Structures are given as structure tokens and as C-alpha cells.
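Novice: Using our numbering, you'd call the opening residue of the sequence shown number 3 and step up by one each time.
Note that the Cβ used here is the ideal one computed from N, Cα and C, for glycine as well.
Keep in mind the model is a prediction, meaning the values are calculated, not measured.
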Amino acid sequence: MKNSDNTRNGQTILFSVVALMIILFAVLWMADVHHIIFVKDKSQNAGDAAALAGARWQGTTLNLIGELNLMHAAALAVADFEAVDIITNTQKRLCYTGPMTGVAAAQQAAKLNGMFVNDEYTQFVSEHADVIRNNYGAMIGGETALPEPWPGAWVEYAAMMRAIADDGVAAGIDNAFFFDDPGGAHVLLQIEFYDAVAGRDWCWFFRYHPHLLEEYTGYTWWNALPPPNMRASSSSEFLGLWLTPQPRTFSAIAGIDGVQRGAERLSIDLPEIPVDPEINEIESVWFYYMSGHWGRWSDMAPPFPVDGEVKREYDYAGADSVTRVEAEISRFMSDGGGTDAGDIIVWTGAAKPFGYLDSDGGGAENPTRSHLVLPAFREVRLIPIDASSASSAGSFNLRWRRHCIEHLPIYMNQGPGALPACRYCRQLLTWERPEFRASGAGWLSTNSWQCTITPSGGGGSGGGTRRAH
Ligand SMILES: [Zn+2]
3 MKNSDNTRNG QTILFSVVAL MIILFAVLWM ADVHHIIFVK DKSQNAGDAA ALAGARWQGT
63 TLNLIGELNL MHAAALAVAD FEAVDIITNT QKRLCYTGPM TGVAAAQQAA KLNGMFVNDE
123 YTQFVSEHAD VIRNNYGAMI GGETALPEPW PGAWVEYAAM MRAIADDGVA AGIDNAFFFD
183 DPGGAHVLLQ IEFYDAVAGR DWCWFFRYHP HLLEEYTGYT WWNALPPPNM RASSSSEFLG
243 LWLTPQPRTF SAIAGIDGVQ RGAERLSIDL PEIPVDPEIN EIESVWFYYM SGHWGRWSDM
303 APPFPVDGEV KREYDYAGAD SVTRVEAEIS RFMSDGGGTD AGDIIVWTGA AKPFGYLDSD
363 GGGAENPTRS HLVLPAFREV RLIPIDASSA SSAGSFNLRW RRHCIEHLPI YMNQGPGALP
423 ACRYCRQLLT WERPEFRASG AGWLSTNSWQ CTITPSGGGG SGGGTRRAH
């Protein structure tokens, strides 16, 4: 009797201890979950706010450049060539200062929403300021290495970049277009290659590099990595507006539908015929939308990832603002994984300025219809990341950049033995194993028909899963 009581007590105690431990674990786990959700919400708000702030400045800048196009016409009509020069120079500068102000505004928005300065992002922007000054601005035979949009542009642009870094970068611009990005395609510079290796996505090889699995022999097989392909654009690398200066005559501009209406709205006196008929023959520089970038969403492949139709007046890609924020999570319970990614939440927000021109009939017209920039932008909206101009790697995926810039040259020279610990290098090691490639080739030899079937349901959004959220 006593014995069995003791046993029962023992069991009760044991049970209580186990129950207590389960409760303790549950409490800690719930605390972690709540904490993760909190950090995720906070990052999402901060990332979206930063993207919207950037897009707002893009819209404002586009409107200013559009208004200056109209003032240019008015000045030219009265043969005020000095004013025309000032206006064109202001527009050229606005293509850089406007977006860079947007970058600064995005930092403020991220910080106000609780994001801290990211030391790695800050260092990257600071180093890029040096690249602009030393590489783009390097003097070769009296000319800068990259042609300047106006004299002294690279020094001024480097100073803007430096100022952003000095304030501390909390939101990275993930759709940056760097003037020294390597041009030309190389499989090793495609982040999708590493994803395909990691996920054993043999269909990716079937679709894009059908013979690679069989033909590859070892790291010396690869073509050399392409050198930096230096090419400048008429607008800033961060939050670029994708505009282009184009020579046109007064009569070509005055004949564009919407120019007179736009001038009236701004109370700009724009005569239909210039004071001197010879002015009609002179070409001067106006700011136009770059057609390759401001195309219709509905014509893009893949098309705009939204169900239903995009309103006609909103059906254009072009300038957008994509920002990445990172927040660290300190966990109560360690998962023991010790990976570099597990405890960081990354959120990428995307936003875009929108607007329309009033049509003759009182309706709304696509602002890019005539290609000439006119003031049209009235609002900013969040857009799906897959509809944005950010590449799947993201400009501020610094681990990826480091892999491309630092690790790949080591691999190309010395092979996989010398690779550092990095998630992309890990995939290279997998790729180097002959049995890995053989298993892919083997699977494809009988199953490649599966790759030609488009996945049903969620296929479109599934493509975006490797994006930062
Ligand atoms: Zn690497």
C-alpha cells in the first residue's frame, strides 16, 4: 500500500516535472513566436514605408522634370536660349539629386519605423561613393572614365552617396542599377543557378542550360567571368528614373497632345508659334521616357502579377522604388543551427509613383503615351515585388555580392578547395560532385517531360518565393 503510494507520488512528481517543462517550453516558444511576428511586422512596415518614401520623391522629380519641359518650350518660343540652357542643366541634375533625396527619405522612413542603421549596408554605400569618385571619375586623357552628364557630375554624385553613408543606411535600395555591373551572362553570376542546385530543380537546367549537367567536367570548364561593363545612364544608380535626353525641335514638342493643356494648368504662357520662325528649325534637348523601361505591364513577360486587369492609365512599368530592411531576432530558444541566415528577418518593399494625364475627352491618359515627360504623377502605391524592377538577387543582398566579387575569382583560379564558408559557395561544392550532376542528368533523361508542364495554381507567385519575403 505504502509502496504503491510512493510509486504514485513519484509518478505524479515526474508527471508534474514533465508538464512543467512542457509549459516552460511552450511559454518560451510562444514568446519567440510573438517576438518573431513583432519583428516581422515592424520590418514589413519599415520596408514598405521606405519604399513609399523613395517612390514619392521619384514622382515629385518626374513632375518637376515635366514642368521644366513645359518651361523649356515657353522659353524657346521667345528665343530665351540662356533660360533653355539653365532649364536643361537643372533637369540633368534633377535626374541624380531627386532620386538621391528619395534614398535619404527612405532612410528616414525606415528609421522612424524602428529600423536600426545596418553597418554592412552603410559600409557598402560608403565604398560605392569611393568607386564613383575613383573609378567613374578617373581621368583618362582629359576625360572621365565614364562620360559625365554635366561637368563635375561624378564628384557631386560621390558626395551625395557619401552623405547617405554618413547618415547611416537602414534601407538598402534593392533595384539599384550599378554603372560597373558586369555585363553579359555567365551562369555563375545567376543566383537562380544556386537556387536550382540547392533545390535540385533539374527542370531549371532543362529550361535554361540543357546540356550543362552532362557537359560540365570541372571548374576549369567555365568561361572566364565577364569584366565590369562600365556604362553610365542619364539617371542615378539608386531609384533611377529611366529618362533620356533627346534632341527635338520646338514644333515637334508644341505639336504633342497635352503640352498646351499642361502649360495652361501651370499658367505658363506658351505661344503656339515662336516669335522667330527660325526657332522651329533648332533642335534642343528634352527629357523623354526610356521606352525599354516604361513599357506596359500587360506586355511584359511574365505579365504583371495581379489578378484582373490593370487600368489603362496605370499600365506602365518604369521608375519604382524597392527597399530592403533587415532586422535581427534574438531568440530565447536556440535552434542550434548556427546558420548566418536563421536569425535575420529580411523584408523587401516595393512602391511606384502613379499618375495620368487628362485627355481631351475628360478621361485619363497614360502619361508615357507621347514619351515626353509631363507633370502627371499624383500618388504612390505599393506594388508586388515581382512586378518591380529589382532582380531576384537584389542589389543589397550583400552576401550574394560578396560571393560574386570575392569568392568566384578564387574558385575560377584555384577551384572549389579554396572556397570560404558561404551559402552560395556551399552550392558550388555540391555542384562539383560528379554524382550530383549525374543524378540530375539521370532524372532528366526520363522525366524531362514534367518540366514542360506549367505548374497549376500558385505557379506565378511561386516564382517569387526566393525574393526576400
Ligand atoms: Zn561564396
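D176: buried (16+ other C-beta within 10 angstroms of its C-beta) or exposed?
Specialist: D176 should be labelled buried.
Novice: Ends of the alpha helix (DSSP H) at G475?
Specialist: Absent from the model: residue 475. The displayed extent of the chain is 3 to 471, so no value can be given.
Novice: Where do the ends of the alpha helix (DSSP H) carrying T448 lie?
Specialist: It spans P436 to N449 - the alpha helix (DSSP H) in which T448 sits, taken as one unbroken run.
Novice: Below 8 Å, is the gap between the Cβ of L227 and the nearest heavy atom of ligand 1?
Specialist: The answer is no for L227.
Novice: If you follow the alpha helix (DSSP H) that I412 is in, where does it begin and where does it stop?
Specialist: L410 to Q416 is the span of the alpha helix (DSSP H), which, as asked, contains I412.
Novice: Suppose the cutoff is 8 Å on Cβ atoms and the five residues either side in sequence are ignored; what does the same chain contact list for D81 look like?
Specialist: Note that residue 81 is Ala in the sequence shown here, rather than Asp. Excluding sequence neighbours, A81 sits near P276, V277, D278 and I281.
Novice: Are the CB atoms of A48 and A200 within a distance shorter than 9 Å?
Specialist: In this structure, A48 does not lie closer than 9 Å to A200 by Cβ.
Novice: Does the beta carbon of L245 fall short of 8 Å from some heavy atom of ligand 1?
Specialist: Not so, every heavy atom of ligand 1 lies at least 8 Å from the Cβ.
Novice: Less than 9 Å separating the beta-carbons of Q429 and C205?
Specialist: No. Outside cutoff.
Novice: By the three-class DSSP mapping on this structure, what secondary structure does W224 have?
Specialist: Coil at W224, not helix or strand.
Novice: Answer yes or no: the CB of H188 versus the heavy atoms of ligand 1, is any distance below 8 Å?
Specialist: H188: no, Cβ never under 8 Å from ligand 1.
Novice: For H74, count neighbouring C-beta atoms within 10 Å of its own C-beta (all shown protein chains included) and say buried if the count is 16 or more, exposed if not.
Specialist: It counts as buried.
Novice: Please state whether DSSP places K44 in a helix, a strand or coil.
Specialist: If DSSP states are grouped into helix, strand and coil, K44 belongs with the helices.
Novice: Helix, strand or coil for E145 per DSSP?
Specialist: Note: E145 maps to strand in three-state DSSP.
Novice: Hey, out of L245, L78 and D271, whose CA is closest to D322's CA?
Specialist: The residue with the shortest Cα to Cα distance from D322 is L245.
Novice: Does the pairing of the stretch 206-215 with the stretch 355-374 give three or more beta-carbon distances under 8 Å?
Specialist: No: the two stretches stay apart, fewer than three of their Cβ pairs being nearer than 8 Å.
Novice: Quick one: Cα of I193 to Cα of D388, how far?
Specialist: Between I193 and D388, the C-alpha separation is close to 16 Å.
Novice: Quick one, which of P228, D34, E285 and S393 has its alpha-carbon nearest Q248's?
Specialist: For the residues P228, D34, E285 and S393, the minimum Cα distance to Q248 belongs to E285.
Novice: Please determine whether the Cβ atom of P422 lies at a distance below 8 Å from any heavy atom of ligand 1.
Specialist: It does: the Cβ of P422 is within 8 Å (strictly closer) of some heavy atom of ligand 1.
Novice: Taking G396 as the reference, which of A79, R95, A161 and D183 has the closest Cα?
Specialist: Of the candidates A79, R95, A161 and D183, the one whose C-alpha sits nearest the C-alpha of G396 is D183.
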